[in-house]
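Numbered per my numbering, the sequence shown spans residues 31 to 170.
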Amino acid sequence: MLSRSIFNQTRAFSATSAKTQFAKFSAYGFVSNVQVRETKEGAPFVTYSLGVNKPVNKTTGEKDVEYFGVTIFNEHQVNYFREYINPGARVIVDGDVRNRAYLDQEGEKKYKVNFIQKSFEKIPYPKREGAAETETVEEQ
Numbered sequence: 031m032l033s034r035s036i037f038n039q040t041r042a043f044s045a046t047s048a049k050t051q052f053a054k055f056s057a058y059g060f061v062s063n064v065q066v067r068e069t070k071e072g073a074p075f076v077t078y079s080l081g082v083n084k085p086v087n088k089t090t091g092e093k094d095v096e097y098f099g100v101t102i103f104n105e106h107q108v109n110y111f112r113e114y115i116n117p118g119a120r121v122i123v124d125g126d127v128r129n130r131a132y133l134d135q136e137g138e139k140k141y142k143v144n145f146i147q148k149s150f151e152k153i154p155y156p157k158r159e160g161a162a163e164t165e166t167v168e169e170q
């Protein structure tokens, strides 16, 4: 009787439906090189570089920054970025990772990793007497 009840139980790990995309990223950095563009259909989208500080180089003692290209297609986030996010703004970004293949000018096959932003949190600079609250913007 005990073994029969074990087989009849189901285990739920999440209350949300299963997603088909599992390549995710989350990064903290600063915004640079913001460009507002349009798709072929005329829908606006934003591309920007996310600068992420790497650990200090032990030999040289210098800080290094690595830049990642991020794209936003969500209309609400595009409008928010256009109005409130300036170069240098600090953000935490969550999104999907996509690998794209293309042919370069010499006809060689190249690969590019694309980060598609799903949500972000703007991290305000702290005030002198304490830090301000953060603001999170998610896909709608």
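Backbone N, C-alpha and C fix where the C-beta goes; we use that ideal spot for every residue, glycine too.
For the 9 Å CB-CB criterion, K142 and D126 do not form a contact.
Counting along the chain, no alpha helix (DSSP H) covers F55; the unbroken beta strand (DSSP E) around it starts and ends at 54–68.
Sorting P154, D94, I153, F145 by C-alpha distance to the C-alpha of V76 places F145 at the top.
Per DSSP, Q147 is one residue of the beta strand (DSSP E) stretching across 139–153. Annotation: the segment 95–139 contains the following complete segments of the alpha helix (DSSP H) (minimum length 4 residues), in chain order: 105–114. In this structure, V82 sits away from P117, with a CB-CB distance that is not shorter than 9 Å. Here the alpha carbons of T89 and R128 stand approximately 34 Å from one another. DSSP places K93 in no beta strand (DSSP E); its state is neither H nor E.
The continuous stretches of beta strand (DSSP E) do not include V86, and DSSP gives it neither H nor E. One alpha carbon belongs to N87, the other to E96, and they sit about 13 Å apart. Residue state for G72 is assigned as coil, using DSSP reduced to three classes. P85 and G91 have their C-alpha atoms roughly 10 Å apart.
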